[in-house]
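Enquirer:
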Amino acid sequence: MIVHRDKVQKLGALLIVLSLAMAGVQLAWRITPRQVVRPASVVKAHSAAADAERTGPPPEVEVRGLSYQPPTGKATGVAGGPAAMREAGTLKGYSVPPDRLAFEPDGSAVFLPTPPPVGGRVAARTVRSGSDAAEASRRVALTFDSSDVSEPAARAVIDELTRLRAPATFFVCGRWCERNPELCRLASERGFEMANHSYAHPDFRTLTNEQITAELKRTEQAYTALTGETMAAYFRPPYGSTDARVQQVAADNGYTVAMWSRDTRDWSGAAREQIRDVASGALAGSEIIIMHMNAPHTVEALAEIVTNLRAGGFELTTLSGVLLP
């Protein structure tokens, strides 16, 4: 009788254990499992390891204005950072769109901010240099004005800046966009900051308020029709001809008037050496440098300008970059 009672107790205990196990399984089914979150650093490390072990021709990923080719084999160039990767042919950085990193020759990275789009009315103001923060961080903007005519030579400027991986801001005329559609699209696709330089390049001080508005709007429409993009909300008056009225009408249409702190006078036929010296000699941070896409010797000076600025510790950026607080 005692043995029988012991067996009954053991059987009861076993049934209780089985019941608890079944309840646990049912409860687990009803609870949504917690997502496992991997730290970004771990994800990057795993990705880098996978890239390093990859054999055969790697895929090349093309995005707007930037080409990145993952390393092959043991990726010996990775240890040196972006500069070493680029030298090894595994990282190819060109001019880049807003919100992407532009890799400099020394391996540092530059963040290009998203330009303000043209929208409603803004406060009337004219900028001639960048912010105090830009001066402290030694940021410099290269800017280029177009004319309102066909400018096949502008392709050389776009390509040279691309080769140098140098960000820049282009002030384009609406008529220039219409007469140079391929160049307009090319500059936009490569990620250069694109801003307004009027439609037909008139002296704005001779125009009525209505005519000023029409010039600005026609350029916006021409640019957007070709690229599908919105212009940056900066306006550079042709010939630098502006006054308080022009500034106010521009602001009523959503634009900040953007002038410059360094004029290379390349449009006058200045020699390569003169353009180079003005654009890269004795600079302070926050400089806005003006050049022109159709000037005869500008493209010849660009490599030296970019090299000198970077060697001097300056960070090349867009107009938006030097205006950042």
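With my numbering, you'll find the sequence shown wraps up at 1596, consecutive numbering, no jumps.
Heads up, the beta-carbon is just placed ideally off N, CA and C, and yes, glycines get one too.
Compare the C-alpha of Pro1508 against each of Leu1497, Asp1537, Pro1473 and Glu1481 and name the closest.
Expert: The residue given as residue 1508 occupies position 237 in the sequence shown. With distances taken between Cα atoms, Pro1508 lies closest to Pro1473.
Enquirer: According to DSSP, is Ala1412 part of a helix, a strand, or is it coil?
Expert: On the sequence shown, residue 1412 is found 141 positions in, with the first residue counted as 1. It is a strand residue.
Enquirer: Answer with buried or exposed for Pro1388, where buried requires no fewer than 16 other C-beta atoms within 10 angstroms of its C-beta.
Expert: On the sequence shown, position 117 is the one that residue 1388 refers to. Flag for Pro1388 reads exposed.
Enquirer: Going by alpha carbons, who is nearest to Gly1390 out of Ala1574, Asp1523 and Arg1450?
Expert: Position 119 of the sequence shown holds residue 1390. Taking only the C-alpha atoms, the option nearest Gly1390 is Asp1523.
Enquirer: Please state the DSSP three-state secondary structure of Ala1437.
Expert: Residue 1437 sits at position 166 when you count from the first residue of the sequence shown. Residue state, collapsed to three classes: coil.
Enquirer: Smallest Cα separation from Ser1532: which of Arg1436, Ser1469, Glu1575 and Leu1594?
Expert: The count along the sequence shown starts at 1 and reaches residue 1532 at position 261. The option with the nearest alpha carbon to Ser1532 is Leu1594.
Enquirer: Give the DSSP bridge partners of Tyr1505, in chain order.
Expert: As a position in the sequence shown, residue 1505 is number 234, starting the count at 1. Paired residue(s): Thr1527.
Enquirer: Under the three-state reduction of DSSP, which class applies to Thr1578: helix, strand or coil?
Expert: Reading the sequence shown from its first residue, position 307 is the one you call residue 1578. Note: Thr1578 maps to helix in three-state DSSP.
Enquirer: Which residue's Cα is closest to the Cα of Tyr1505: Thr1569, Leu1590, Lys1488 and Gln1545?
Expert: On the sequence shown, residue 1505 is found 234 positions in, with the first residue counted as 1. Selected option, being the one with the closest Cα: Leu1590.
Enquirer: Drop a sphere of 10 angstroms on the beta-carbon of Pro1386, count the other beta-carbons inside from all chains shown, and report buried for 16 or more, exposed for fewer.
Expert: By 1-based counting over the sequence shown, the position of residue 1386 is 115. Flag for Pro1386 reads buried.
Enquirer: From Asp1419 to Ser1469, what does the alpha carbon distance come to, in whole angstroms?
Expert: Your numbering for residue 1419 matches position 148 in the sequence shown. Your numbering for residue 1469 matches position 198 in the sequence shown. Going from the Cα of Asp1419 to the Cα of Ser1469 covers about 9 Å.
Enquirer: Would you kindly work out how many angstroms separate the C-alpha atoms of Glu1571 and Glu1449, rounded to a whole number?
Expert: For the purposes of this step, residue 1571 is taken as the residue at position 300 of the sequence shown. For the purposes of this step, residue 1449 is taken as the residue at position 178 of the sequence shown. Computed Cα separation, rounded: 26 Å.
Enquirer: At what residues does the alpha helix (DSSP H) containing Leu1497 begin and finish?
Expert: What you label residue 1497 is simply residue 226 of the sequence shown in a count that begins at 1. Asn1480 to Thr1498 is the extent of the alpha helix (DSSP H) around Leu1497.
Enquirer: Within 10 angstroms of the Cβ of Asn1467, are there 16 or more other Cβ atoms? Answer buried if so, exposed if not.
Expert: Here residue 1467 corresponds to residue number 196 of the sequence shown, with the count starting at 1. Asn1467 comes out buried.
Enquirer: Closest to Met1530 by CA distance: which of Ser1539, Ser1512 and Ala1542 is it?
Expert: If you number the sequence shown from 1, residue 1530 lands on position 259. Nearest option by C-alpha distance: Ser1512.
Enquirer: What three-state label does DSSP hand Ala1427 in the structure shown?
Expert: Locating residue 1427 in the sequence shown gives position 156, where the first residue counts as 1. Correct three-state label for Ala1427: helix.
Enquirer: Work out the CA separation of Val1517 and Asn1480 for me, nearest whole Å.
Expert: In the sequence shown, counting from the first residue as 1, residue 1480 sits at position 209. In the sequence shown, counting from the first residue as 1, residue 1517 sits at position 246. Near 8 Å, if we compare the C-alpha coordinates of Val1517 and Asn1480.
Enquirer: Compare the Cα-Cα distances from Ala1485 to each of Glu1500, Thr1501, Met1502 and Gly1445 and report the closest residue.
Expert: Along the sequence shown, read from residue 1 onward, the residue named residue 1485 stands at position 214. Of the candidates Glu1500, Thr1501, Met1502 and Gly1445, the one whose C-alpha sits nearest the C-alpha of Ala1485 is Gly1445.
Enquirer: Assuming the contact rule is C-beta atoms closer than 8 Å, Ser1408 and Gly1556 should be a hit. Round their C-beta distance to whole Å, please.
Expert: Numbered from its first residue, the sequence shown carries residue 1408 at position 137. Numbered from its first residue, the sequence shown carries residue 1556 at position 285. Their Cβ separation, rounded to whole angstroms, is 6 Å, which keeps Ser1408 and Gly1556 in contact under 8 Å.
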